[in-house]
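Here the structure comes first, spelled out in structure tokens, and everything after it is commentary.
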Amino acid sequence: MVVTVINSIVFDLDGTLYLGGRIMEGAMDAVAALKRQRYQIFYLTNNSGKMRQQIVEKLNMFGFSANMRNTYCVSHGISLYLKEKKISSVYLIGTHDLRSELLLNDISVKDNSAVAAVVVGIDPLFSYEKIAVALDAIDRGAELIVANVDSSYPVENNRRLPGCGAMVAAIVSATGHAPDFQVGKPNTYMLELLCRDHGLSSEKICVIGDMPESDIKMANNFNCQGILFDPNGDFPHFADTKVKKLSEIIALLKKER
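For what it's worth, my numbering labels the leading residue of the sequence shown as 41, then goes sequentially.
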């Protein structure tokens, strides 16, 4: 039994609340029940391929009542990190939507290696040419900023697709240069943003997700509660709190009143 002063729940999205175009079983009921118990609900995703507004729209399409205040995604996090570090020009390996998010936040995206940083997100059009430009930029002194190192991500019909980590691995292999900063999970940067925006501390938060190497390790790194959701029951040793059904979350959380 989890007995804490938790008042805020941070949900992962892909594989936890939905999978592709399908809502996970019990997701709507679990979120609704937590809201009735007056938990604050937040959404945090390692998805670097979409703009934050698009993530909000998808959540609302499913009925989760999302907005720009309670939704955090890596594409927006990258923009904020670059602005904090005063990095104004980047070479981007990523989607058109990630490019749009960067431009929306006044980050100059160039098509050559004369940049301050190389930004790597998920990129379905990843190529040898992009590796070559990134290699040249990093050899010239550019920083390597990555969305995450997830090797794959789940989609419908029990399939997986290559994740951002596959692109990062190629860049690291070519350059011999490890990422200077990782914005997404399991790094705590996104949770730090969330806490700063909403005046929360780590002991007030519970992270719920399906990926032990990203969701649960982020929670551990941030010293907050984490609950691993896995319908198959394949739980690693470091996931202290685990559920096979989202409906089990309600019984695990006991809020101090």
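Glycine included, C-beta positions come from ideal geometry on N, C-alpha and C.
Keep in mind the model is a prediction, meaning the values are calculated, not measured.
- [ ] Over the uninterrupted beta strand (DSSP E) stretch that includes Ile-49, give me the two end residues.
- [x] Stepping through the sequence shown from its first residue, residue 49 is reached at position 9. Counting along the chain, the beta strand (DSSP E) containing Ile-49 begins and ends at 48-51.
Open item on the list: According to DSSP, Phe-269 sits in a beta bridge with which residue or residues?
Closed with: One-based indexing of the sequence shown puts residue 269 at position 229. Answer is Val-283.
Open item on the list: Please classify His-116 as buried or exposed, where buried requires at least 16 other C-beta atoms within 10 Å of its C-beta.
Closed with: In the sequence shown, residue 116 corresponds to position 76, counting from 1. With 16 or more Cβ atoms within 10 Å of its Cβ, His-116 is classed as buried.
TODO: State the start and end residues of the unbroken alpha helix (DSSP H) segment that holds Cys-264.
DONE: Against the sequence shown, residue 264 aligns to sequence position 224. Unbroken run through Cys-264: none, as it is neither H nor E.
TODO: Compare the Cα-Cα distances from Ile-46 to each of Ala-187, Val-71, Tyr-79, Gly-216 and report the closest residue.
DONE: Here the question's residue 46 lines up with position 6 in the sequence shown. Of the candidates Ala-187, Val-71, Tyr-79, Gly-216, the one whose C-alpha sits nearest the C-alpha of Ile-46 is Tyr-79.
- [ ] Tell me Leu-132's beta-bridge partners as DSSP assigns them.
- [x] To locate residue 132, count along the sequence shown from 1; it is residue 92. In the DSSP output, where bridge partners are listed per residue, Leu-132 has Val-159.
Task: Segment contact flag, the region 175-192 with the region 148-166, C-beta cutoff 8 Å, min 3 pairs - done: yes
Open item on the list: Short of 6 Å in beta carbon distance, which residues of its chain neighbour Thr-135, apart from the five on each side in sequence? Order them along the chain.
Closed with: One-based indexing of the sequence shown puts residue 135 at position 95. Gly-89, listed in sequence order.
TODO: Spell out a yes or no on whether the region 226-244 and the region 261-270 are touching, meaning 3 or more CB-CB pairs, one atom from each, closer than 8 Å.
DONE: yes
Task: Residues of its chain near Ala-214, where Cβ-Cβ distance is below 6 Å and the 5 sequence neighbours each way are ignored - done: Counting from 1 along the sequence shown, the entry for residue 214 is found at position 174. The residues are Ile-171, Leu-175.
Open item on the list: Do Leu-74 and Leu-53 count as a contact pair if the criterion is CB distance below 9 Å?
Closed with: Counting from 1 along the sequence shown, the entry for residue 53 is found at position 13. Counting from 1 along the sequence shown, the entry for residue 74 is found at position 34. Taking 9 Å as the Cβ cut-off, Leu-53 and Leu-74 do not qualify as a contacting pair.
Open item on the list: Taking contact to mean 3 or more Cβ pairs, one atom from each stretch, closer than 8 Å, check whether the region 122-138 and the region 250-257 are in contact.
Closed with: no
Open item on the list: Among Asp-163, Gly-266, Cys-246, Gly-239, whose alpha-carbon lies nearest the alpha-carbon of Gly-205?
Closed with: Counting from 1 along the sequence shown, the entry for residue 205 is found at position 165. Comparing Cα-Cα distances from Gly-205 to each of Asp-163, Gly-266, Cys-246, Gly-239, the minimum goes to Asp-163.
Open item on the list: Could you compute how far the alpha carbon of Ile-185 sits from the alpha carbon of Lys-125?
Closed with: Here residue 185 refers to the residue found at position 145 of the sequence shown. Here residue 125 refers to the residue found at position 85 of the sequence shown. Approximately 11 Å, taken between the alpha carbons.
Task: Cutoff 8 Å; reference Arg-236; Cβ partners in own chain excluding five residues on either side - done: For this step, residue 236 is matched to residue 196 along the sequence shown. Nothing listed; no residue qualifies.
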